[in-house]
Amino acid sequence: MSTIPPAALDTAANPEALRRIAIEPLSRVEGHGKVTILLDAERRVQQVRLHIVEFRGFERFILGRPFWEVPVMVQRLCGICPVSHHLAASKAMDQVVGAAAIPATATAIRRLMHYGQILQSHALHFFHLASPDLLFGFDSDPAKRNVVGVLAAHPELARHGILLRKFGQEIIRVTAGKRVHGTGSIPGGVNKRITVAERDELAAPLPDVLAWAQAGVRLVAELFAANRALYEGFGTVRSSLLSLVAADGTLDLYDGGLRARDADGALLFDGVRCEDYGARIHENVRSWSYMKFPFFAALGPERGWYKVGPLARIQNCDAIGTPLAEAARQELVAQALGGVQHAPLAYHWARMIELLHAAEVIAGLLADPALLGDELTARGARAGTGIGIIEAPRGTLIHHYEVDADDLVTMCNLIVSTTHNNTAMNEAIRQVARQYLDGHEPTEALLNHIEVAIRAFDPCLSCATHALGKMPLAVEIVDAAGALVTRLVRDAEVVA
Amino acid sequence: MTAGLLVIGVGNPSRGDDALGPAFVEELGAALAAEVARGELELVTDFQLQVEHALDLQGRAAVVFVDASVAAPAPFAYAAVAPDAGGFAYTTHALSPGALLATYRDVVGAPPPAFVLAIRGEAFELGAPLSAAAQAHLARALAFFAARVRQAEVGRA
Numbered sequence: 004m005s006t007i008p009p010a011a012l013d014t015a016a017n018p019e020a021l022r023r024i025a026i027e028p029l030s031r032v033e034g035h036g037k038v039t040i041l042l043d044a045e046r047r048v049q050q051v052r053l054h055i056v057e058f059r060g061f062e063r064f065i066l067g068r069p070f071w072e073v074p075v076m077v078q079r080l081c082g083i084c085p086v087s088h089h090l091a092a093s094k095a096m097d098q099v100v101g102a103a104a105i106p107a108t109a110t111a112i113r114r115l116m117h118y119g120q121i122l123q124s125h126a127l128h129f130f131h132l133a134s135p136d137l138l139f140g141f142d143s144d145p146a147k148r149n150v151v152g153v154l155a156a157h158p159e160l161a162r163h164g165i166l167l168r169k170f171g172q173e174i175i176r177v178t179a180g181k182r183v184h185g186t187g188s189i190p191g192g193v194n195k196r197i198t199v200a201e202r203d204e205l206a207a208p209l210p211d212v213l214a215w216a217q218a219g220v221r222l223v224a225e226l227f228a229a230n231r232a233l234y235e236g237f238g239t240v241r242s243s244l245l246s247l248v249a250a251d252g253t254l255d256l257y258d259g260g261l262r263a264r265d266a267d268g269a270l271l272f273d274g275v276r277c278e279d280y281g282a283r284i285h286e287n288v289r290s291w292s293y294m295k296f297p298f299f300a301a302l303g304p305e306r307g308w309y310k311v312g313p314l315a316r317i318q319n320c321d322a323i324g325t326p327l328a329e330a331a332r333q334e335l336v337a338q339a340l341g342g343v344q345h346a347p348l349a350y351h352w353a354r355m356i357e358l359l360h361a362a363e364v365i366a367g368l369l370a371d372p373a374l375l376g377d378e379l380t381a382r383g384a385r386a387g388t389g390i391g392i393i394e395a396p397r398g399t400l401i402h403h404y405e406v407d408a409d410d411l412v413t414m415c416n417l418i419v420s421t422t423h424n425n426t427a428m429n430e431a432i433r434q435v436a437r438q439y440l441d442g443h444e445p446t447e448a449l450l451n452h453i454e455v456a457i458r459a460f461d462p463c464l465s466c467a468t469h470a471l472g473k474m475p476l477a478v479e480i481v482d483a484a485g486a487l488v489t490r491l492v493r494d495a496e497v498v499a
Numbered sequence: 006m007t008a009g010l011l012v013i014g015v016g017n018p019s020r021g022d023d024a025l026g027p028a029f030v031e032e033l034g035a036a037l038a039a040e041v042a043r044g045e046l047e048l049v050t051d052f053q054l055q056v057e058h059a060l061d062l063q064g065r066a067a068v069v070f071v072d073a074s075v076a077a078p079a080p081f082a083y084a085a086v087a088p089d090a091g092g093f094a095y096t097t098h099a100l101s102p103g104a105l106l107a108t109y110r111d112v113v114g115a116p117p118p119a120f121v122l123a124i125r126g127e128a129f130e131l132g133a134p135l136s137a138a139a140q141a142h143l144a145r146a147l148a149f150f151a152a153r154v155r156q157a158e159v160g161r162a
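Here the protein sequences line up with chains A and B, keeping their order.
Per this note's numbering, residue 4 is the first one in the first sequence, and the count goes up by one each step.
Per this note's numbering, residue 6 is the first one in the second sequence, and the count goes up by one each step.
Following this line, the structure appears as C-alpha cells:
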C-alpha cells in the first residue's frame, strides 16, 4: 500500500515547534474523532488533520459467523444507520444464496425500509444538528446553538423534524419488524409481508410529511440565497464525485451501477457493476488516522479522492425521478451556473432535496400493489462471494464478503460512507482553517467553524458506544514550546 | 393503552458493557412479565436516545432511563433527572436523558417524573460480552429496580 505525499496543511515541516489545538471528540458527530491544528508563533495555520482515533475492528467482528446472521449482526456496527448496514449485507448475501433477482414484493419492502431510513436520518441531521448553526450563525451563543434553541425560536420547524423522524422510524418498525435490530431483510428477500392495515397506517401522515419536506427544502434554499457568498465559499474544495445511479441515469439510493464524475462534471466511469468496485476504488492508509483514504485507482491517491453523499448524488445523476425533488434539484444545479457545486454547506440543501425525494418515493411505494404481495424470497445456485452496495444517508456503503462451504464468513471488507469522504472532510477543514483561523486567536466560535464544515458531511465516526460520561469534549491549546496553555473539558453527561 | 411506566434501555448489545441497558430491559421483561402483560410496564431499547423518543414519554406516570455508566459508583446509581437544555451543546447524534426531557417540555409540556438508572460498566470493546463486574452490577440493579416496581415505588425516589 502506498503512502500519500504530503499536501498543503496535511503535514507540517516542523510540528514539534508549533502550537497545537485539539478538538476531541467532535460535538454533534459520532464518537472518537479529533481535529488537531498546529499554529506557528504568528498564529499561522501549518497543519490541520481530522483523526479517527479508535480502531473499530468491524471486519474481525463479522469473520467466522454464519452468513445468514450477518444482515442482523451488522446493524450493531452503527446506531445511526443500522438499516443501511442491514440492507447492504442483505444485498451481498442475495448473491451468496444465488438470488440474482429477488421478488418484486421483497424489493418494494426493502426499498420502503431504505427510504424510511433516509428520511429519518436526514431529518435528524438537518433539523436537530445542522439547523442551529444555519439559523443562529456559526459564532452565536453556544448555549443556544442547539435543538432547544431551535425549539424556542422556531418551534414548528423543530416539531416537524421530530415528527419526520417518527414517521421514518415507523416505516422501519413495520418493514423490519422492530424499532431496532430488525430482522426483516434476509438473504434472498424479506421475511415479513406488509398488511393492508399497516400500509394504510403508514400512508395516513403522508400529506403532512410531504408538506414538511417541501418547507425544509424552501428553508435551506432561502438560507443559501440569503448568504450566498458564505455558503458557496465556506470550506469549498473541488473533487470528483461518486454514487450509485439507476440504469436510466436517475437517482437511485437502493440499487444501480457506480458512476463517477470529475470536479468539472465530466464522466470518469459509468455503469460499473458493484462486483467490480475493487478495480475502480483503492484505499490508502495514513499513520495518523485509523480511517482509510479511498481514491479512484485510475487517478491515483493525490488526484483520485472524491465526495459521496447527498451533494455528490444529486449532481451525479441525470435527474431525480420524482417531480417535487427534481424541481428542487434543478434549482440547486442552476445555482452552480453549469458547473459542479462543491460547497460543503450545499450538502444541507441536497440533503433536504433527498428527504423530499424519499417522501415521494415512499408515497409511490405505499400505492404500489407489489408491496402487498406474498412472494418474499428467491434462491438459486450457491456462491462464495457477495458484494452489496447501497446509498446510505451519508453516502456509498460497500459490503463485500467471502463465504466458505460451511457457510461461514471468511473475508469481510466494509467501506462506509464516512470513509469515502475522509479526504474531502480533511481538505474542507484545512480550507476553513485558512479562511477563518489563520492569524487569529482561536475562540470557541472560530473552532466551531471547523466543526460546521465537518458536520456538513454528516459523518458517523463511531457511534456504537456512548456510555454515560464517555464523551468529553476537550480543547487543548499548547504553545510553541509545547507547554499546555489551557485545557477545557466538558462532559456530555455524568451521572453519579 | 399506554403503560404508566416506561423503561428505556440504552446501549449497543455488541459493545461489551454498553449492553447493560438492553440486557437490563431484557431481564426486567422476564422478571416482570405479569406487569408487562397487564399493560402496566412498557420496555423499549435503542442504541441511543434520539429526539423522537420524546414522543414515547406522552401519557406516562414515570419514565426510567437505563444506561451503562463509567462515572456512576458501582454497582449502580439511581436518581431523578430533570429537563436540562444545557445537555445539548456537546452531545453527538444522541441526546442525554435531561436533553430529551427538555425537548419534551418544549414540544409537549411538563414531562413525567423521570429517573436515570446508571449501571457501572468497565469495558466497551466491539464484540465483547458483558464483563464479570458488569454482570454483577446488572444483577444488583435488577433486584433493586424490580422490587421498587413491585412495591409501586417508582416515581417516589
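The beta-carbon is built from N, C-alpha and C at its ideal position, and this holds for glycine as well.
What is the DSSP secondary structure of A/Gly303, counted as helix, strand or coil?
helix
In angstroms, rounded to a whole number, what distance separates the CA positions of A/Ile418 and A/His402?
7 angstroms
Against A/Ile165, what residues of chain B qualify as contacts under a CB-to-CB distance less than 8 angstroms, listed in chain order?
Val56, Glu57, Ala59, Leu60, Thr108 and Val112
Where does A/Val199 land, buried or exposed, given buried means 16+ other C-beta within 10 angstroms?
exposed
If we call anything under 8 angstroms between Cβ atoms a contact, is A/Phe237 one with A/Ala11?
no
Nearest CA to the CA of A/Leu205: which residue from A/Ser420, A/Ala366, A/Ile40 and A/Met414?
That would be A/Ala366, whose Cα lies nearest to the Cα of A/Leu205.
Would you call A/Asn17 buried or exposed, if buried means 16 or more other Cβ atoms sit within 10 Å of its Cβ?
exposed
Please classify B/Gln204: is it buried, with 16 or more other beta-carbons within 10 angstroms of its beta-carbon, or exposed?
As shown, chain B starts at 6 and ends at 162. That puts residue 204 of chain B outside it, with no answer to give.
Identify every run of the alpha helix (DSSP H) within the stretch 311 to 361 of chain A, keeping only runs that are complete inside it and at least 4 residues long; order them along the chain.
313 to 319 and 326 to 338
Enumerate, from N- to C-terminal direction, the unbroken alpha helix (DSSP H) stretches of 4 or more residues contained entirely within the stretch 107 to 153 of chain B.
none
Cutoff 8 angstroms: A/Gln508 Cβ touching any chain B Cβ
This structure does not reach residue 508 of chain A, given that chain A is present from 4 up to 499, and the question cannot be answered.
Report yes if the CB atom of B/Asp51 is closer than 8 angstroms to the CB atom of A/Arg182, and no otherwise.
Contact: yes.
Are there any heavy atoms of the ligand GDP lying less than 7 angstroms away from the beta-carbon of A/Ala337, as far as the coordinates show?
Here there are no bound small molecules, and the ligand GDP is not part of this structure.
Do you know whose CA, among B/Pro18, B/Ile13, B/Leu10 and B/His142, lies nearest A/Met76's CA?
B/Pro18
Could you check where the beta strand (DSSP E) with A/Phe237 kicks off and where it finishes?
No beta strand (DSSP E) contains A/Phe237, which DSSP labels as neither H nor E.
Does B/Leu131 get closer than 8 angstroms to chain A when you measure Cβ to Cβ?
yes
Would you please verify whether the beta carbon of B/Pro118 is less than 8 angstroms from any beta carbon of chain A?
no
Report yes if the CB atom of A/Ser246 is closer than 8 angstroms to the CB atom of A/Leu90, and no otherwise.
Their beta carbons are not under 8 angstroms apart, which means A/Ser246 does not touch A/Leu90 by this criterion.
List, from N- to C-terminal side, the beta strand (DSSP E) runs of 3 residues or more that fit wholly inside the stretch 26 to 58 of chain B.
46 to 51
Note down the Cα distance separating A/Gly260 from A/Tyr280, rounded to an integer number of angstroms.
10 angstroms
Would you say B/Phe52 lies against chain A (beta-carbon separation less than 8 angstroms)?
Using a CB distance cut-off of 8 angstroms, B/Phe52 counts as an interface residue toward chain A.
Going by the CB atoms, is the gap between A/Gly376 and A/Pro158 shorter than 8 angstroms?
No. Outside cutoff.
Separation of B/Gly16 from B/Asp23, as counted between CA atoms:
5 angstroms
C-beta atoms of A/Tyr118 and A/Leu256 nearer than 8 angstroms:
yes
Could you check what DSSP says for A/Pro396 in three-state terms: helix, strand or coil?
coil
Verify the CB distance criterion: does A/Lys169 have a CB-CB separation below 8 angstroms to chain B?
yes
Proximity test, Cβ basis, 8 angstroms: A/Leu417 and chain B
no
Excluding five sequence neighbours on each side, which residues of the same chain lie with their C-beta closer than 7 angstroms to the C-beta of A/Arg176?
Arg182
Close Cβ partners of A/Lys94 (< 6 angstroms) along its chain, the five nearest in sequence each way excluded
Gly391
If we define contact as Cβ-Cβ less than 8 angstroms, is A/Phe64 a contact residue for chain B?
Among the residues facing chain B, A/Phe64 is included, as its CB has a counterpart in that chain under 8 angstroms away.
Closest Cα partner of B/Val49 within the set B/Ala76, B/Ala8 and B/Val86:
B/Ala8
With A/Leu440 and A/Val48 assumed to form a contact (beta carbons below 8 angstroms), what rounded beta-carbon distance in angstroms separates them?
6 angstroms
Span of the alpha helix (DSSP H), counted from its first residue to its last, around A/Leu160
Pro158 to Ala179
If you draw a straight line from the C-alpha of A/Arg264 to the C-alpha of A/Asp461, how long is it?
22 angstroms
Taking 8 angstroms as the threshold (beta carbon to beta carbon), is B/Pro18 in contact with chain A?
yes
Under a CB-based cut-off of 8 angstroms, is A/Ala477 close to chain B?
The predicted position of A/Ala477 is uncertain, since its pLDDT is 42 and thus under 50; a value taken from the coordinates is nonetheless stated next. Chain B, which has no Cβ nearer than 8 angstroms to the Cβ of A/Ala477, makes this no.
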